[in-house]
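Heads up, the thing below is written out as structure tokens.
Protein chains: 2
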Amino acid sequence: MIRDDEEPVGLGALDRVTWALRRAELAVQTLKEQRLRPLGMAAAHYTLLMSVHSEPGLAGAELARRLNVTPQAVASLVARLEGRGQLERRAHPRHRHVQELHLTDAGREALRAADQVIADIERHITEGLGPDESAQLRTLLERVSKTVRDA
Amino acid sequence: MIRDDEEPVGLGALDRVTWALRRAELAVQTLKEQRLRPLGMAAAHYTLLMSVHSEPGLAGAELARRLNVTPQAVASLVARLEGRGQLERRAHPRHRHVQELHLTDAGREALRAADQVIADIERHITEGLGPDESAQLRTLLERVSKTVRDA
DNA sequence: AGCCTTGTGTCAAACGCTTGATTCTCATGA
DNA sequence: TCATGAGAATCAAGCGTTTGACACAAGGCT
Numbered sequence: 001m002i003r004d005d006e007e008p009v010g011l012g013a014l015d016r017v018t019w020a021l022r023r024a025e026l027a028v029q030t031l032k033e034q035r036l037r038p039l040g041m042a043a044a045h046y047t048l049l050m051s052v053h054s055e056p057g058l059a060g061a062e063l064a065r066r067l068n069v070t071p072q073a074v075a076s077l078v079a080r081l082e083g084r085g086q087l088e089r090r091a092h093p094r095h096r097h098v099q100e101l102h103l104t105d106a107g108r109e110a111l112r113a114a115d116q117v118i119a120d121i122e123r124h125i126t127e128g129l130g131p132d133e134s135a136q137l138r139t140l141l142e143r144v145s146k147t148v149r150d151a
Numbered sequence: 001m002i003r004d005d006e007e008p009v010g011l012g013a014l015d016r017v018t019w020a021l022r023r024a025e026l027a028v029q030t031l032k033e034q035r036l037r038p039l040g041m042a043a044a045h046y047t048l049l050m051s052v053h054s055e056p057g058l059a060g061a062e063l064a065r066r067l068n069v070t071p072q073a074v075a076s077l078v079a080r081l082e083g084r085g086q087l088e089r090r091a092h093p094r095h096r097h098v099q100e101l102h103l104t105d106a107g108r109e110a111l112r113a114a115d116q117v118i119a120d121i122e123r124h125i126t127e128g129l130g131p132d133e134s135a136q137l138r139t140l141l142e143r144v145s146k147t148v149r150d151a
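Same order as they appear, the protein sequences are chains A and B.
With UniProt numbering applied, the first sequence closes on residue 151, and no number is skipped along the way.
With UniProt numbering applied, the second sequence closes on residue 151, and no number is skipped along the way.
What follows is the structure, given as structure tokens:
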């Protein structure tokens, strides 16, 4: 049996799955930023608004964990979005120190406009792949996430 | 036929392909950073060294384009790696202003150690998926990249 | 009750990257 | 030949994020 690691360092490292993954994600993210810019919104803002929309009333720290960023990063984004009147911070009924996050009407409208752009990109991709391949891809990506998470 | 966009903003946006893509990439990247940290190397350093290894002698600006970052970011990384003695800048024979990038012996050794870690992660993922699914995933990701690039 | 652990939010400093503008070299064309 | 344009590198400034440290509130424990 022939060892395939005689090469001191991986040539052929270019067509690894993780490289393809990185490039695809980078391309998608870049496109999202480009399309979102005319709306005066960054991808991070959209992600945060969408998260708050899907689960209203969650705290900044909890939000930080889900987005895999630090609480300070969330606080920074929240402060900006609050300044625009798209997001509001309310005091938690039990824990006075904690502050729940909720969308304002303006926030919902901004999210709706942004989501139209994002959904359009998503549609373009899924149509390019076809429904079967899209489902396949999503399944495979989920398996990768799970595999990596409990590595 | 029932329209599926009656909802003002995408519920079910959580299981979009691009979200799965983002989460998978984030998980992989995080794992790489964790495993690379004990070696005193960041993922960006590894990527740069690998790029220079696969194509020795290329310029900083060209490298920046391939990695989708700015020339300054590359210059910053190069300066650091040069300080460690893992990378060296030589004057281009024709264009004296341009500087070719080459790996030193220490750089090759550091890259070899780092690549062992990265290859191990790659192996863990591909084994978890199986060879057929791995090839499928890589193909699908390539198609996504291509679809997005000329969007 | 009092202590202590957990979790949240905030401040300050450092780091990394991007944007913008400048300088320098080499190549091309009048 | 000289001028003009394109590409590469560098400097300066600004922004966003991470890291580290601290204060505060609620629940659990002896």
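A virtual CB, placed ideally from N, CA and C, is assigned to each residue, including glycine.
It should be emphasised that the depicted structure is a prediction, and the values quoted were computed from it without experimental measurement.
- Of all alpha-carbon atoms in Leu141(B), Ser54(B), Leu21(B) and His124(B), the one lying nearest the alpha-carbon of Asp150(A) is that of His124(B).
- The three-state secondary structure of Gln99(B), taken from DSSP, is strand.
- Taking a C-beta distance under 8 angstroms as the contact criterion, Ala110(B) and Leu36(B) do not qualify as a contact pair.
- Taking C-beta separations shorter than 7 angstroms and ignoring five residues to either side along the sequence, the partners of Thr70(A) in its chain run Ala64, following chain order.
- For Arg23(A), there is no enclosing beta strand (DSSP E); the enclosing alpha helix (DSSP H) covers residues Val17 to Leu36.
- Note on Glu127(B): under 16 other CB atoms within 10 angstroms of its CB, so exposed under the neighbour-count rule.
- Three or more Cβ pairs drawn from the stretch 74 to 91 of chain A and the stretch 40 to 60 of chain A lie within less than 8 angstroms of each other, which places the two stretches in contact.
- Separation of Leu39(B) and Arg94(A) (C-alpha to C-alpha, rounded to the nearest whole angstrom) is 46 angstroms.
- Relative to the Cα of Glu100(A), the nearest Cα in the group His53(A), Ala27(A), Leu21(A) and Ala135(A) belongs to His53(A).
- Cβ-Cβ separation between Ala24(B) and Leu141(A): approximately 4 angstroms, consistent with a contact (criterion under 8 angstroms).
- Residues of the stretch 15 to 28 of chain B with a C-beta less than 8 angstroms from any C-beta of chain A: Asp15, Arg16, Val17, Thr18, Ala20, Leu21, Arg22, Arg23, Ala24, Glu25, Leu26, Ala27 and Val28, listed in chain order.
- The DSSP-derived three-state label of Arg89(B) is strand.
- Between Ser134(B) and Val17(A), the C-beta spacing is below 8 angstroms.
- Straight-line spacing of the CA atoms in Ala73(B) and Trp19(A) works out to 20 angstroms.
- Where Pro71(B) is concerned, the enclosing alpha helix (DSSP H) starts and stops at Pro71 to Gly83.
- Secondary structure at Gly40(A): coil, using DSSP grouped into helix, strand and coil.
- Of the candidates Arg112(A), Gln136(A) and Ala61(A), the residue whose Cα lies closest to the Cα of Met41(A) is Arg112(A).
- Looking at the backbone, the Cα of Val78(A) and that of Asp120(A) are separated by about 26 angstroms.
- Under the three-state reduction of DSSP output, Asp115(A) falls in the helix class.
- Shown in chain order are the members of the stretch 32 to 59 of chain A whose Cβ falls below 7 angstroms from a Cβ of chain B: Met50, His53 and Ser54.
- Taking a Cβ-Cβ cut-off of 9 angstroms, Leu63(A) has no neighbours in chain B, whose nearest Cβ is about 14 angstroms from it.
- Burial of Gly107(A) is indicated by the presence of at least 16 other C-beta atoms within 10 angstroms of its C-beta.
- Assignment of Asp150(B) by DSSP, reduced to helix, strand and coil, places it in the coil class.
- When DSSP states are grouped into helix, strand and coil, Glu142(A) belongs to the helix group.
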